[in-house]
Each structure stands twice: as structure tokens, then as C-alpha cells.
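Order-wise, the sequence lines are chains A and B. So for the first sequence, the working numbering puts the first residue at 7; every next one is plus one. So for the second sequence, the working numbering puts the first residue at 2; every next one is plus one. Down below is the structure, laid out as C-alpha cells.
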Amino acid sequence: MLQHDDPKGEKQTEFVTLVAGGQSFCIEITQIREIRRWSPVTLLPHSPSYVLGVINLRGAVIPILDLAAKLGFPAIEPTERHVIIITAIDDRIVGLLVESVSEILGVQTDMVRETPKTEEDAATRAVEGIIPVGDNMIKIINLDALLHTSLLAAA
Amino acid sequence: MTDSAILDAFFEECEDLLVALSDGLEDMREGRADSETVNAVFRAVHSIKGAAGAFSLEDLVGFAHTFETVLDEVRSDKLTADDDLLRVLQRAGDILANLVDAARDDIPADRDQVDPVIEELQSFLGTEAAAEEEFVFEALSLSFDGAASAARYVVRFKPGQEFYATGNDPVLFIAALQDLGPCEITVEKTELPEDFDSFVWNEGYLTWQIIVGDQQNDLAIREVFQFAEDLCELQIAEEDLDEDAPAGDADLADVVAPDVDTPVDVAPVDLPPVDTPPAAPAPEADAPSTAAAKTEKPVKRAASTLRVDPERVDRLINAVGELIINQSVISQRIDEAELPNSAELYGDLDDYKLLAREIQEGVMAIRAQPVKPLFQRMLRIGREAADATGKDVNLITEGEGTEVDKIVVERLADPLTHMIRNAIDHGIESPEDRAATDKPKTGTLRLTASQRSGSIVIEIIDDGAGLNRKRIKQIAVEKGLVSADATLSEQEIDHLLFAPGFSTASVVTNLSGRGVGMDVVKTAITALGGRIAISSVAGQGTTFSITLPLTLAVMDGMIIHIGGQTMVVPIASILETIRPSPADLAEIGLSNHLLRIRGEYVPIIDLASRLGIAPRATALTDRVLLLLQTESVSQCALAVDDILDQRQVVVKSMKGSYGEISGISGATILGDGKIALIIDPEAIAAVQANELNAQVTAQREVSHAAT
């Protein structure tokens, strides 16, 4: 994770917060390439339900996943108002369809809590920590864990 | 330039020389040789030896020396090139190539292989092999063929600050040049500042021009400046040449790229002074005096090849790919604008299309290489295999000039090696067996390349026993690849060869059957976008044909509609398109259909259901059938909703970002910016063939799970 010292000398990380399946999540900002509006995708045969298809991103073929469905929530009905977050880990670029993107959150590293142990499901497996913000709690998505399983299954 | 880069250039040069060598030996064998052929062979070996010496590749030098000595005997008619000698020479050529390979990979040479050949070579030499040193000089003077009269070289030498700062003195350099031959020395002072104020004390203002006479080549001169080259501005040129090659590059060319016509001994030598004066001394630098013989040489060298960093070509290819996409975007936009038909724009658009295609083909041609070096390597491997198995095999190549993408040439080496070895080891029978079946004792293995409508076809044809289908099936059953009671067509049995884990050799020989089977070959070919097919007639031989696309990045595709999606089918695999009438269709079973075409029944595959999407049109008669040629089920008809267009598409891989999808080989971007998936006809058709074996496979998985 990219960390840099703010003037007070404390480690700070920036996250983009988003809503998927009605819950708040966030993704570390350095893993995000860009955020774009939903546009129709090309369907892929034999793909799991959470794989929506592929889009043309300036000449590259990028797969788009429904983040809500991937996390085990009901699938999103994509409309013009939905948003695709283009993420990049290593050389792999994948788009995630989410309900909305809210804000950029600067967080002191010591504010990130470990995920409390709960019964494991698709969502908890992909969450690597939580950040309490006011009354709300935002879950940090571990893209590696999320995509590793999804792409293996898809292939 | 680093050492390794020079070494790389040396090996590249060796490739060319080995080709020349192999060509020459081939000509000698076929009795087409004249004295020039023998000379060419000799020079090739000599050049390799010379350059190898500069890199201290002892094994290579030692072997090349013996080889060359024998060739020299042949050249001077002391030895006659009879069949025996030619066989040894050819073997020696193979060994030389192996040694070059070994040197490139930096592995020790295989002495077991090399030494017997050296001995054989020496057995031809008798006692004369002793006179080594003299012979080398003789070779040099001969190869210059009298044309190399001493020339005058113009050295322009401008020491800079660094030169003086490192304690060098121009006087010493000039004196060293004077030792080489008569010198005319002039100094240019034009750069000296007019006034003293702008004079920088440590700057080098003087340029010397030294004309050195009586030189065979510029090597000795370059040696003088060897350690100062980077410290001064230095130009060395033959007197009558206007263009001065940059010192560094010219140096390299002379060391590692000796022209075939005038082998240059690489070790810098002080050439003995030549008594004859320069053939035509040129009083003025710009007078074209000794022109003919000398200018010919650099021109020839430049015309032969252009070495380019492959990455630059790749960038160009990518850009051209984008250009083609852009071209289809623009033509689609123009179509949408619905201009009057007469608009001149349409003509311009067609020109644009043609130009884009021309550029693309031109760029692809840069990467194209003749298969000749690859084939010659295969001949070598074939001869080794024949020797090892004690079989008499006549190896023939055809269509060596066929050009294929560089990557394809590189990646074909392993599969072809495997197939050649297989053909000799398993395909061609032993001389005794052949005699028993009234065949000529010598087997024939042909390796051919040809271009057929947008694809390259490479065939490996042997006249051996043909495939033993009974045995193949038996093995497949033993290995659990098919069930014992399955009824398989001949073609299906042949294709079992490509099944993973299949190896026919009952005995593992050290040639083939090392656990890697034909499935590896097939995977390699498929990875190149190619296909492989077998045909075999018992007792008459087996033919493997490999069909490869001309280029990897761009292909001709048919744009189709299926279930509301736009997709692309490679034209290479489409035989024809059919709009079926009810009479052409026949039902079989509940939902399967056959297409009746020219008296044959061909299975129809519903692409939509195969890909798990709902087709738009339901009745087959409303749809279009694409008759496909595939290897697994020979022919099948693919039912699609409609055909839109036929055009070039740029292939984008999806493996990196998504993974492989069964039935889809990649994706492309259409004119409207949308993505269309590219169908892999082979995989689509293979599913059907696989259904036969599905049960067996399932059983196998169960047994795997149990262990």
C-alpha cells in the first residue's frame, strides 16, 4: 500500500469509497486506473453470472465484473447511472461495476481495523480490513483475493 | 557496443555462413558444383574460423581448421570429392553448426560427436596436415584473388579534451601510423580561435589528416587507435570514398561480418608490405579512382540485410493494427452519415483502405523470414537421426524460399525437430524391412513449405510404413484415452496421436519417445494459430501437414451475427457459406441436423447453443451455414444468424486479462468501437468429437480421484 507522511508525521492511505449491494466498500486509490460510466458490454460465453462481459478501453479488451454479484449480493441491473471502476493489479486490468462511487477517504493507517472473525462468505473473503467512519463502517476490498478466485473460476 | 552484442552479431553472421556452407555442400553432392562452389564452402568455413578465433572459441576454431584444411585439399584438386568424402564433409558441416550452437548457448561441445568426425577428416588428409601455418597465408592471398591491391586510407583524427586529459600524445599515434606505411600528413588549424580571449587552454583545436599508403584493409590502422577511439573524433576511410562510416560500427562490421568474397582475418595482422604500388593512386580525394573493385564491396554488404531491433518492428506492427481499426471506424462513420452514393469520399475511402492494407502487408513482410535456415537445421537433425538409427534416409526440402513470420520460424523449430525425428525413428523402416517390401532401400523424407491462399503449409512426408492404426488404438485403450469398444474412424484414430500422454514407441529410444509426444507439437502449432493434420496410407507413408497463418496479429475474418452479438469467424477455416433450403437439411435424433452437400452429410453445429446464447432466428432455413474445415471432424457446418461483412481484424488476446474461454480464440475491436469475439472453429468442432469420449474421460477422472 502506498503510504505517505502527512504534516503531522502520521502514515496516511487514500481509499475510494463505493456502494455495492447496498453496503459501503472501499478500494485503495493506487489500484484504481479510472472511473467511467456504464456502457454496454460484449457478452462472454460460458462465463459465471458475475462476469458481465468485456469492453473496449482505448484498444484494450477489459473484462467487467459485477462487484455486488461477485460478493454474493443480488446482481446489479446496470443502467446509465451505474459506474465502472477500472482497477489494475500488476498487469491485469479488470473493471468492477458498482452502484455508486462516493468519495476519496484519507485514512491514518492506525485507523484500519482487522476484519472481525465471522462466518466466511464471498464478501468476507474479499475484505481485508474495516475502517470506522462516524456511525458507518467501510470495508476494504482486497482485489487480489477477489480477482484471484473469480478469474480462475471464469477460465 | 558491448561484447555480447558483438558476439550476437557474430552468431547471426554464422547463421548466414552456415546456410552458404550447406548450400554449397548440397550442390557438390548433386554434382552441380564448380570450382567456385568449393571456394564458397571453403570461405564460409574459413570466415567462421576467423571470427571464432577473435572470440577465443577454441572448439570451434579447432574443428573449423581441420574442416577447412580438407576443403582446401579439395579446392586445389589434391582430393577428389567422391561420395565418401562428401558424406564426411556434410557430417562435418552438421558438426560445425552444432558447435556454433553450443558456443552460442555457452555449453561445452559434445566431444563424442566431434572427435570421430575430426578423425575422419584427418584420415583424408594423410600426412600433409602438418603444413598449417603456410596454408593459412596461402588461403588469404588466394581469397583476395589479386583484386586486393594495396589501398590508401584517409585518417581524420581530431583529439578532444579527453584525449589530452588522459595523457595521450598525437605524435605517438602519427608515428605508429608511419610505421604501417608511407604517410602524407596535413594539419588543419581552421578551428583555432582568432583572438586569444576565446582560446580555451585544454581544448583540442587541431585536426590531422593522415593518408596512409600500402594498406590491404583498415584493420591495422584501427588497431593503432584501438584504445583512443572514444577519446577523439576519428574517421578512417579508403581514399576514394566520400562517406566515412562511423568508426565504431565499421569496426564491428569488419570484425564480425567478413564479406563472403573477401574473408578478412580477424586477428589484427601486420600485413607484409606489398611491393606493387596502389593500382591507381588517386592524387585527389574526390577523384573516383580505384572505384570499381572497392565500391562494389560496401554496396553489396549494405544490400544484403538490414538488422533492426525487433521491438521497433513490433511497435510499428501495433501502430498499424490501430490504423486498421481506425480505418474501419472511419468507414463505418462515413456509412452512417449516408452520403449520396456519388460522393467522392467513397473513392477516397477505398484508397485509404488499400493503403492501410498495403502498409500492413509491408510491415508484416519486415518480420517475414524464409524458412531456409530452419529447414537446413531440420536436415541436420534428420541426418543425425538417420545416423543414430542406422537408417538410410534421403532428406529433401522444397520451398525453402517461403517466408513466414519470424516468431513462427522460431517457434516451429521444436515441433519440427520432434516430427522429423519421429518420422525417421518410427515412420521410415529399417533398410532390411524396406527390402522385404519391395521398396527402395533408401527412405525418403520430404520437408516442404508453400503458401496457399493466406496460409503457409508445411508438410513432412515420409515413405515409410504408415501409421499402425491398430496399434495406436490399442495404446490409446491401454492408456485410457478411449474405451475399448469405441468405434473410431481412421481419422479419429490418427488424431489420438495428438492426445496428451500418448507415445507410440514401445521402446523409448534416445531420439523420440522421451515422454513429450505429439500433443506438445500440436499445442505449439495451435499456439501459433495453426492446425496440424495427418494422412497416412499403410505401407506407403505418412504425411503431416501444418497450416499456419501468414501473420499473427491481423487476420481476415467473416463478421457474423449470432443471438444479437457480433462475432468473427476466421476466413481461413471457412470453405463456403450456404443458405440452406429445406431439401439440404436432414434431421438426426431429436435436435441434431445434418447438412446434405454434394452427396455428403455434414453435422450442423448451432453456434448459439454451443456458446450458451439464444439465437435470433430459430428455423435453420432462416439462418446461414458456414461450412468449416477442421481437423477433428474434417467438415462441419456452423449455423449463425447472419453474415455482415468480411474484413481484416486485429487480434487481441484475452488470456492476460480474463483467461481462456472455450470456443473463443480472442477478441477484436470493430469499427463502432465495440468488441467482437473471435470464434475458434477448431474448439467449437472439437466439442462434438469429444462428446464421444466424454464418458471415458469422466471415468478416468473418477479413477484419478480415487488414487
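Cβ atoms here follow ideal geometry from the backbone N, Cα and C, with glycine treated the same way.
In angstroms with no decimal places, state the Cα-to-Cα distance between residue 57 of chain A and residue 658 of chain B.
Residue numbering aside, residue 57 of chain A sits at position 51 when the first sequence is read from its first letter. Residue numbering aside, residue 658 of chain B sits at position 657 when the second sequence is read from its first letter. If I take the Cα positions, the gap works out to 13 Å.
Exposed unless 16 or more other CB atoms sit within 10 angstroms - verdict on residue 378 of chain B
Along the second sequence, one-based indexing puts residue 378 of chain B at 377. Buried is the call here.
Beta carbon of residue 3 of chain A nearer than 8 Å to that of residue 147 of chain A:
Lying before the first or after the last residue shown, residue 3 of chain A is absent from chain A, which here runs from 7 to 161.
Coil, strand or helix - residue 490 of chain B by DSSP
For this step, residue 490 of chain B is matched to residue 489 along the second sequence. Coil, per DSSP.
According to DSSP, is residue 75 of chain A helix, strand or coil?
If you number the first sequence from 1, residue 75 of chain A lands on position 69. DSSP places residue 75 of chain A in helix when its eight states are reduced to three.
Residue 265 of chain B (DSSP reduced to helix, strand or coil):
The count along the second sequence starts at 1 and reaches residue 265 of chain B at position 264. At residue 265 of chain B the pLDDT is 41, less than 50, meaning the model places this residue with poor confidence and gives no usable figure here.
Close beta carbons around residue 383 of chain B, own chain, < 7 Å, minus the five adjacent residues each side:
Against the second sequence, residue 383 of chain B aligns to sequence position 382. 394, 396, 421, 425 and 446, listed in sequence order.
Please tell me whether residue 28 of chain A and residue 47 of chain A are closer than 8 Å, where the distance is taken between their beta carbons.
Here residue 28 of chain A refers to the residue found at position 22 of the first sequence. Here residue 47 of chain A refers to the residue found at position 41 of the first sequence. Their beta carbons are not under 8 Å apart, which means residue 28 of chain A does not touch residue 47 of chain A by this criterion.
Just to make sure I have the definition right: I need the residues of chain B whose C-beta is within less than 9 Å of the C-beta of residue 52 of chain A. Which are they?
Along the first sequence, read from residue 1 onward, the residue named residue 52 of chain A stands at position 46. Those within 9 Å of residue 52 of chain A in chain B are 612, 613, 662, 663, 664 and 665.
If we call anything under 8 Å between Cβ atoms a contact, is residue 778 of chain B one with residue 215 of chain B?
Beyond the ends of chain B as shown, which are 2 and 708, falls residue 778 of chain B; an answer cannot be given.
Can you name, in chain order, every residue of its own chain whose Cβ lies under 6 Å from the Cβ of residue 219 of chain B, other than the five neighbours on each side?
Numbered from its first residue, the second sequence carries residue 219 of chain B at position 218. Result list for residue 219 of chain B: 154 and 237, in chain order.
Using only alpha-carbon positions, find the residue among B:464, B:458 and B:418 that is nearest to residue 439 of chain B.
Within the second sequence, numbered from 1, the residue matching residue 439 of chain B stands at position 438. Residue B:464 is the option with its Cα nearest to residue 439 of chain B.
Can you list, in chain order, the residues of the stretch 540-564 of chain B whose Cβ is nearer than 8 Å to any Cβ on chain A?
none
Whole angstroms are fine: how far does the CA of residue 314 of chain B sit from the CA of residue 66 of chain A?
As a working mapping, residue 66 of chain A is identified with position 60 in the first sequence. As a working mapping, residue 314 of chain B is identified with position 313 in the second sequence. Cα to Cα, the separation comes out at about 20 Å.
For residue 478 of chain B, would you say it is in contact with chain A, using Cβ-to-Cβ distances shorter than 8 Å as the test?
Residue mapping note: residue 478 of chain B aligns to position 477 of the second sequence, counting from 1. So, not an interface residue.
Leaving aside the five residues before and after residue 55 of chain A along the sequence, list all residues of the same chain whose C-beta is less than 7 Å from its C-beta, in chain order.
As a working mapping, residue 55 of chain A is identified with position 49 in the first sequence. Here the set comprises 75 and 81.
Could you tell me whether any Cβ in chain B is nearer than 8 Å to the Cβ of residue 2 of chain A?
What is shown of chain A runs 7 to 161, which leaves residue 2 of chain A out entirely.
Excluding sequence positions up to five away, which residues of its chain have a Cβ less than 7 Å from the Cβ of residue 68 of chain B?
Numbered from its first residue, the second sequence carries residue 68 of chain B at position 67. Around residue 68 of chain B: 46, 93, 97 and 122.
Are the CB atoms of residue 551 of chain B and residue 457 of chain B nearer to each other than 8 Å?
In the second sequence, the residue the question calls residue 551 of chain B occupies position 550. In the second sequence, the residue the question calls residue 457 of chain B occupies position 456. Taking 8 Å as the Cβ cut-off, residue 551 of chain B and residue 457 of chain B qualify as a contacting pair.
So who's on the other strand from residue 446 of chain B, going by DSSP bridges?
Locating residue 446 of chain B in the second sequence gives position 445, counting from the first residue. Answer is B:396 and B:463.
Residue range of the alpha helix (DSSP H) that residue 85 of chain B falls in?
Walking along the second sequence from the start, residue 85 of chain B turns up at place 84. Per DSSP, residue 85 of chain B belongs to the alpha helix (DSSP H) from 84-105.
With 16 as the cutoff for other CB atoms within 10 Å, does residue 373 of chain B come out buried or exposed?
Taking the second sequence and counting its residues from 1, the one referred to as residue 373 of chain B is at position 372. Under this definition residue 373 of chain B is a buried residue.
Mind checking if residue 607 of chain B is an interface residue toward chain A, Cβ cutoff 8 Å exclusive?
Numbered from its first residue, the second sequence carries residue 607 of chain B at position 606. Taking Cβ atoms only, chain A never reaches closer than 8 Å to residue 607 of chain B, which makes this a no.
In whole angstroms, give me the CA-to-CA distance for residue 740 of chain B and residue 36 of chain B.
There is no way to answer for residue 740 of chain B, as the model of chain B reaches only from 2 to 708.
From the DSSP secondary-structure annotation, give me the bridge partner or partners of residue 563 of chain B.
Position 562 of the second sequence holds residue 563 of chain B. According to DSSP, which records beta bridges pairwise, residue 563 of chain B is partnered with B:566.
Nearer than 7 Å: is that true of the beta carbon of residue 9 of chain B relative to any heavy atom of the ligand FAD?
With respect to the ligand FAD, the structure shown offers nothing to examine, as it has no ligands at all.
For residue 1 of chain B, would you say it is in contact with chain A, using Cβ-to-Cβ distances shorter than 8 Å as the test?
Nothing can be reported for residue 1 of chain B: it is not among the residues displayed for chain B, which extend from 2 to 708.
Do the stretch 490-503 of chain B and the stretch 567-583 of chain B meet, that is, are 3 or more Cβ pairs less than 8 Å apart?
no
Output, in sequence order along the chain, the residues in the stretch 87-120 of chain A whose CB is closer than 9 Å to any CB in chain B.
97, 98, 99 and 100
May I have the straight-line CA-CA distance separating residue 623 of chain B from residue 529 of chain B, to the nearest angstrom?
Against the second sequence, residue 623 of chain B aligns to sequence position 622. Against the second sequence, residue 529 of chain B aligns to sequence position 528. C-alpha separation (whole angstroms): 35 Å.
For the stretch 137-151 of chain A against the stretch 327-337 of chain B, do three or more pairs of beta-carbon atoms, one drawn from each stretch, fall closer than 8 Å, so that the two count as touching?
no
Assigned secondary structure, residue 580 of chain B (DSSP; H/G/I helix, E/B strand, else coil)
In the second sequence, residue 580 of chain B corresponds to position 579, counting from 1. Coil at residue 580 of chain B, not helix or strand.
Pairwise C-alpha distance: residue 234 of chain B and residue 210 of chain B:
Position 209 of the second sequence holds residue 210 of chain B. Position 233 of the second sequence holds residue 234 of chain B. Going by the C-alpha atoms only, they are around 12 Å apart.
Per DSSP, the bridge partner or partners of residue 667 of chain B:
Sequence index remark: in the second sequence, residue 667 of chain B carries index 666 (1-based). For residue 667 of chain B, which the question treats as bridged, DSSP gives the partners B:679.
Can at least three beta-carbon pairs, one atom from the stretch 87-95 of chain A and one from the stretch 115-134 of chain A, be found at a separation below 8 Å?
no
Below 8 Å between beta carbons: does that hold for residue 679 of chain B and residue 664 of chain B?
Counted from its first residue, the second sequence places residue 679 of chain B at position 678. Counted from its first residue, the second sequence places residue 664 of chain B at position 663. No, they are not a contact pair.
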